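What follows is a single structure, written as structure tokens, with notes after it.
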Amino acid sequence: MLDEIPLCRRIPQEYRKELCGHINVFLSEKTFEGCRGQRITDEIKLKIAAQACVLLLNRETDYFPRLTSLLIYPDAYWVNDNYEMAGQTIKGKAVNLGESWEQGTVVLSWKQISDELADQYCGHSLVLHEFAHQIDAEDGFLNGLPELGEGANYGKWADVFGKEYDGLRDGAVNGVEDVIDDYGAQDPAEFFAVVTEGFFLKPTEMRQAHVELYDELVKFYRLDPAGWNPDGASNA
Ligand SMILES: [Zn+2]
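Heads up: take any position in the sequence shown, counting from 1, add 13, and you land on our numbering.
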């Protein structure tokens, strides 16, 4: 079933055993709960766990230590959404596809996940996005700066991410098309989640257009997806 996930088809042989091991630990540690009548199947659990665990490959890390449960909705769902406008807090409702809470829970729409998996070139992954937020928040701050690990150059990361984030914001204002989705222009946390999706799903374009950012992500994730077989044919 892993081969039904375009990203997993591209994963080199050397990481496949590790990925399967991570998936097993993930599935034994985390609970899945269906909402609005969504039935939880082995397919749902595996396809979510596999994508999330790609983010753990080749790194010394724990299994999303703050996360205990995943809530799965059949489709988009309504949430209470309070936002600031003209200095006031507006209370409203919004349609959502997924959320990552800093403590305990990730919420996902199964339809969104299966639609993305059905399109090999979709370039988006709700699962990678929400689990990038989990990684970001592991140090207690959901701010686009994850714990980089021992010996990491925080100054370089801050320079590159700051410059790229500002560039995306300027581009979004001016309607410039970019391989990085302008959803990432909202704040640094969304930027980290969106560039994580791009890094794994559009790696060649990311490296071409944003080589410094790509290189920082190679150092962080300890993987180089631009070198993986783009269609996964040799790994099938
Ligand atoms: Zn997000």
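Ideal placement from N, C-alpha and C gives every residue a C-beta, glycine not left out. It should be emphasised that the depicted structure is a prediction, and the values quoted were computed from it without experimental measurement.
Taken through DSSP and simplified to helix, strand or coil, residue 126 comes out as helix. Note on geometry: alpha-carbon atoms of residue 47 and residue 168 lie some 42 Å from one another.
Within the chosen limit of 7 Å, ligand 1 does not reach the beta carbon of residue 151 with any heavy atom. Separation of residue 41 and residue 211 (C-alpha to C-alpha, rounded to the nearest whole angstrom) is 29 Å. Take residue 204, set aside five residues on each side of it, and the residues of its chain with a beta-carbon closer than 6 Å to its own are 157, 178 and 197, in chain order. Pairing residue 33 with residue 67, the inter-Cα distance amounts to about 10 Å. Listed in chain order, the non-local C-beta contacts of residue 125 below 6 Å within the same chain comprise 110 and 139, local neighbours out to five positions each way being set aside.
Remark: the C-beta of residue 210 is outside contact range of ligand 1, defined as less than 7 Å to any heavy atom.
The C-alpha of residue 236 lies about 10 Å from the C-alpha of residue 24.
If you draw a 10 Å sphere on the C-beta of residue 127, you find fewer than 16 other C-beta atoms in it, and that means exposed.
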